[in-house]
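Chains as they are written, first to last, in the numbering used here: chain A, 1 to 337; chain B, 1 to 571.
Each residue gets a CB set at the ideal place from its N, CA and C atoms; glycine is no exception.
A quick note: this is a predicted structure, and the numbers were derived from the prediction, not measured.
Here is the structure we will look at, set down as structure tokens.
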């Protein structure tokens, strides 16, 4: 079952991967946006993976060989972005925070993709009472504000506070609960559309079993929009995590660095002229979300032949008149954030 | 009514000056795969009161040419040359000027009337929209809503909508397909343009409705002197309506000639091939000389007795009877042709035999299995004896799998072969449908429509089925490709000897393949018999009407048939 009878001719790996193939086919403004997004995401991922190397201090370090760190020190000298009221190094916590954010994204998005895709395929293909029940549940979850569900889940899982893995899983589960309905809906809609396609009917006519049809014919065709939802949801996951941390349902500062928690602690600083404790974690959140959103939106535009920009026919290499101006505007926008 | 409707049309125009002149038109599209030259070098002109047909197969550039006339090309296109309408070059005029030209000097009739009309406005409003858009600007007087409506009623009357005063307030869904096309034509006529561009105006319609619309277009030309540019792939329509024909192929004009000359003595090889490929009712019939039904005597493969198939209605509405008390049999080795217009239930019957639809009454025995109480588990072993060819070759292959995998699928499911066995059998089958065995490694989108349909036939035949159901297998193909696929089907059927249920709306195609033909009308089988007898001497009124409305690709013969059709309708 499911054997590939003949080795398919494939394009090179680089041409088939979601983001790299998109960079190749994009031009002008769309390419600039996509590249900005890719660079921001790359910085985020590199910071997360190499946090132990990049960060000057640990996330919960408040002293070194030279003694305790000063509290609320201005940026400069030993602490490039200053220190917080508790004596934590802001730069270090910003870098370590990317690791927490990354772990939560991976945990949450992976869980919701698997669950959502599975439920969506089954519900869409078989229909009937199962489908109706699942749709009602998904709608019910939709009706709650995202953050409220996340808070409730976080309290239910570990009473609101916890260590590194406990905290990440709690956030992950909370975000999963919110995102599963999205994946479920997208995959279910695609499955229902594909179910009526002649190639699925032709598999039914030759007597293929339901499992075979779902696995071989529907799965690969229904999941083509996933990279798009993935990038858009990843940015939402970060915002939800930051929101949880800000409201005090996040991870203890001694267990992990978390941007939302730091923002919360920086609130009282803001009125006394201490800007660095709030601005840097905030900037980290904004830049990561902008990066992920730019990638997601660009993929969305490039996947749609009607939205995709092309080089003008005949005039080779001549960019559109507005491209340069638009690029400048985007750059200004990003800086403005 | 302060504005005289006809004043716009009577712009003094010298009799011999062409209404439309296209001079060395070039259109290029920017695509992902580089520039595509859709129209390379086209020059033509249309005189007043003339019907010019532009014919060609898909990709010939005929629709792009038509869209250029109205300046409707998408942003990705660049065009060169000149398109002159009453002295204005559509390619270079400003957007404001172009808007004035559209509707007043030239109007368009689209292929699919259901999508050309906006479902949330009344047809009267939609016709009046054009009238009001053209009044007002440039110092002209505004048209009041009442005047615009009066003119919309007038336009509806012109196109033969009964009771226009009342029906002007109807919404598009309250009209049938043919009437919707009349409304679209009425909207195009509202400002009395000198030229109408009709892009495949009858392709989405049934044959009997097509005959009415062609009649209407002919009337417009005769009564109001409107010039028509008719874009079509249907040679029968050309023979019926056109005065002059331009044949296009891959963006170039191949041949231009008056219609009688073109059909009688085509000059270019391409035109000759194209005309030879068009199926012609009554020629090349599969049942030529047959006196009684062939292939009888052995036990039948499919037997329908009073078969009824209903689709459940919505809450409060009765169920819809798609198939109503149909009885027929299909014997081994026989090709049964099922003909009918859209909504006649022909596809439903085909799907029911393949177990894709459930039957709700009567009896349908397929290979001895009663389909009324279909259980997938017990029916599955029989599925290897049934092959199915779908209408749309583009959609009937999984785009993620290679042709080889798709063709081998029935075999993998039923006989569990080794990869080497499967590969060998796929190569054999591809060979017999005249595709190179190397195509097994290609993906569906890398094949042309005709090649995909051959591969589809290979998939249906890989297990040597006793019964093949072909649902409109050639209606998505160009004529020349269709001719080859039909030829292939005929050869393979003779070679493999399977029984086939051939479903089509095209009488000429069915006649070429099937010895025994059934005619469906609104779910009822109104007539069945030997193909050449049904086509030559139809008994039932509906069959008579159906056959009379089919345009044949021969202008002189078609003119005679048209008279006969009129006489039939007058009865």
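Residue-level contact to chain B via CB, residue i, 8 Å cutoff
{"i": "residue 61 of chain A", "result": "no"}
{"i": "residue 122 of chain A", "result": "no"}
{"i": "residue 395 of chain A", "result": "With chain A represented from 1 up to 337, any question about residue 395 of chain A goes unanswered, as that position is not in the structure."}
{"i": "residue 197 of chain A", "result": "yes"}
{"i": "residue 328 of chain A", "result": "Model confidence at residue 328 of chain A stands at a pLDDT of 40, short of 50, so the residue's coordinates are unreliable; what they give is reported in the following sentence. Not an interface residue."}
{"i": "residue 208 of chain A", "result": "yes"}
{"i": "residue 22 of chain A", "result": "no"}
{"i": "residue 182 of chain A", "result": "no"}
{"i": "residue 338 of chain A", "result": "The structure shown does not extend to residue 338 of chain A, since chain A is modelled only from 1 to 337, so the question has no answer here."}
{"i": "residue 235 of chain A", "result": "no"}
{"i": "residue 217 of chain A", "result": "yes"}
{"i": "residue 205 of chain A", "result": "yes"}
Test: residue i CB closer than 8 Å to a CB of chain A
{"i": "residue 388 of chain B", "result": "yes"}
{"i": "residue 398 of chain B", "result": "yes"}
{"i": "residue 395 of chain B", "result": "yes"}
{"i": "residue 409 of chain B", "result": "yes"}
{"i": "residue 511 of chain B", "result": "no"}
{"i": "residue 414 of chain B", "result": "yes"}
{"i": "residue 567 of chain B", "result": "no"}
{"i": "residue 354 of chain B", "result": "yes"}
{"i": "residue 392 of chain B", "result": "yes"}
{"i": "residue 151 of chain B", "result": "no"}
{"i": "residue 147 of chain B", "result": "no"}
{"i": "residue 561 of chain B", "result": "no"}
{"i": "residue 383 of chain B", "result": "yes"}
Cβ pair residue i, residue j closer than 8 Å
{"i": "residue 106 of chain B", "j": "residue 98 of chain B", "result": "no"}
{"i": "residue 470 of chain B", "j": "residue 512 of chain B", "result": "no"}
{"i": "residue 351 of chain A", "j": "residue 354 of chain B", "result": "No information on residue 351 of chain A is available, as it lies outside the stretch 1 to 337 that chain A covers here."}
{"i": "residue 479 of chain B", "j": "residue 242 of chain B", "result": "no"}
{"i": "residue 229 of chain B", "j": "residue 52 of chain B", "result": "yes"}
{"i": "residue 124 of chain A", "j": "residue 23 of chain A", "result": "no"}
{"i": "residue 63 of chain B", "j": "residue 231 of chain B", "result": "yes"}
{"i": "residue 207 of chain B", "j": "residue 112 of chain B", "result": "no"}
{"i": "residue 40 of chain A", "j": "residue 282 of chain A", "result": "no"}
{"i": "residue 187 of chain A", "j": "residue 135 of chain A", "result": "no"}
{"i": "residue 367 of chain B", "j": "residue 356 of chain B", "result": "no"}
{"i": "residue 98 of chain A", "j": "residue 266 of chain A", "result": "no"}
{"i": "residue 229 of chain A", "j": "residue 183 of chain A", "result": "yes"}
{"i": "residue 447 of chain B", "j": "residue 455 of chain B", "result": "yes"}
Burial state of residue i, where buried means 16 or more other Cβ atoms lie within 10 Å
{"i": "residue 384 of chain B", "result": "buried"}
{"i": "residue 22 of chain B", "result": "buried"}
{"i": "residue 142 of chain A", "result": "exposed"}
{"i": "residue 315 of chain A", "result": "Confidence is the limiting factor: at residue 315 of chain A the pLDDT is only 44, short of 50, which leaves the residue's position unreliable and the question unanswerable from this model."}
{"i": "residue 288 of chain A", "result": "buried"}
{"i": "residue 74 of chain B", "result": "exposed"}
{"i": "residue 190 of chain A", "result": "buried"}
{"i": "residue 55 of chain A", "result": "buried"}
{"i": "residue 78 of chain A", "result": "exposed"}
{"i": "residue 538 of chain B", "result": "buried"}
{"i": "residue 148 of chain A", "result": "exposed"}
{"i": "residue 289 of chain B", "result": "exposed"}
CB-CB length for residue i against residue j, believed under 8 Å
{"i": "residue 127 of chain B", "j": "residue 152 of chain B", "result": "4 Å"}
{"i": "residue 299 of chain A", "j": "residue 223 of chain A", "result": "In fact, because the Cβ distance is near 14 Å, the residues do not count as touching under 8 Å."}
{"i": "residue 526 of chain B", "j": "residue 542 of chain B", "result": "5 Å"}
{"i": "residue 77 of chain B", "j": "residue 29 of chain B", "result": "5 Å"}
Test: residue i CB closer than 8 Å to a CB of chain D
{"i": "residue 39 of chain A", "result": "Although the question refers to chain D, the structure presented lacks it and instead comprises the protein chains A and B."}
Review point. Three or more beta-carbon pairs under 8 Å between the segment 371-390 of chain B and the segment 422-434 of chain B, yes or no?
Key: Per the Cβ contact rule, the segment 371-390 of chain B is not in contact with the segment 422-434 of chain B (fewer than 3 Cβ pairs under 8 Å).
Check your understanding: Pairing CB atoms from the segment 268-282 of chain B with CB atoms from the segment 43-52 of chain B, are three or more of them under 8 Å?
Key -> No, they do not touch.
Practice item. Determine, using beta-carbon pairs with one atom in the segment 17-31 of chain B and one in the segment 204-219 of chain B, whether at least three such pairs fall under 8 Å. Key: By the C-beta criterion, the segment 17-31 of chain B is judged not to be in contact with the segment 204-219 of chain B, since fewer than 3 inter-stretch pairs fall below 8 Å.
Review point. How do the segment 117-132 of chain A and the segment 68-86 of chain A stand: do at least 3 beta-carbon pairs fall below 8 Å, yes or no?
Key: No, the segment 117-132 of chain A does not touch the segment 68-86 of chain A.
**Study point:** Three CB pairs or more closer than 8 Å across the segment 551-563 of chain B and the segment 323-331 of chain B
**Key:** Result no; under three Cβ-Cβ pairs closer than 8 Å.
**Study point:** Stretch-stretch touch, CB-based, cutoff 8 Å, three pairs: the segment 18-32 of chain A with the segment 262-278 of chain A
**Key:** In short, these stretches do not touch, since the Cβ pair count stays below three.
Review point. Okay, do the segment 237-247 of chain A and the segment 51-71 of chain A touch, 3+ Cβ pairs below 8 Å being the bar?
Key: Using a C-beta cut-off of 8 Å, the segment 237-247 of chain A makes no contact with the segment 51-71 of chain A, since fewer than three inter-stretch Cβ pairs fall below that distance.
Check your understanding: Quick one: any contact between the segment 301-320 of chain B and the segment 472-491 of chain B, if contact means 3 or more CB pairs under 8 Å?
Key -> Counting Cβ pairs under 8 Å, fewer than three are found: no touch.
**Study point:** Contact the segment 63-70 of chain A vs the segment 95-113 of chain A: 3+ CB pairs below 8 Å
**Key:** With a cut-off of 8 Å, the segment 95-113 of chain A and the segment 63-70 of chain A do not count as touching, because too few Cβ pairs lie within range.
Review point. Taking one C-beta from the segment 187-201 of chain B and one from the segment 160-178 of chain B each time, how about it: are there three or more such pairs within less than 8 Å?
Key: Fewer than three beta-carbon pairs drawn from the segment 187-201 of chain B and the segment 160-178 of chain B are found closer than 8 Å, and the two stretches are therefore not classed as touching.
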